[in-house]
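Numbering (the numbering used here), first residue to last: 83 to 218. Positions of the beta carbon are idealized from the N, C-alpha and C atoms, including for glycine. Here the structure is a predicted model, which is why all the values come from computation and not from measurement. Inspection log for the structure reproduced underneath, given as structure tokens.
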Amino acid sequence: MRKIDEIIIHCTGTIPSNSTTVEAVRKYHKEHNGWKDIGYHYLIYLDGSIHQGRPIDQKGAHCSNHNEGTIGICYVGGLAADKTPKDTRTVAQVAALRTLVKSLKVCFPTIKKVSGHYMYSSKPCPCFDVAKEFGK
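Dropping the structure here:
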């Protein structure tokens, strides 16, 4: 098993009425980015259900220069209807994300940091203040 020391949170950059699936994101990542698989390890649907993406024992492709030693979690949403960045997480997504982060920290006690993609990119992703929600 690879050493994991950080979780990086993302959003799909889609409007609230656009639900997507692991299969759709996988197809996009493979066809448009040329990757071998979906870049994220987990995708949280609008209903709060948590879905496995790339196997956890494989390095992700979710944050340029920060895939080694990290787990990528993505929630569906992140844009308002007018396509501006907005925390569009449903109550169920918020609860699921908190539960997933907590359980990953138990499984991987080496995790010392939970970050937003925006910390490593000029994108506003995941469109909420990760440090405020999960601490430093």
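- Shortest Cα-Cα distance from K165 to any of C207, M83, V183 and K109 involves C207.
- Counting every other CB atom within 10 Å of its CB across the protein chains shown gives V212 a total of 16 or more, marking it as buried.
- In the three-state scheme derived from DSSP, where H, G and I count as helix and E and B as strand, Y127 is classed as coil.
- In this structure, the beta-carbon distance from L182 to I155 falls below 8 Å.
- In the DSSP assignment, K195 is bridged to E88.
- If you look at C189, you'll find it in the alpha helix (DSSP H) that goes V173 to C189.
- Scanning its chain for C-beta atoms nearer than 8 Å, with the 5 sequence neighbours on each side dropped, one finds around S203 the residues C145 and S146, in chain order.
- For the 8 Å CB-CB criterion, C209 and K168 form a contact.
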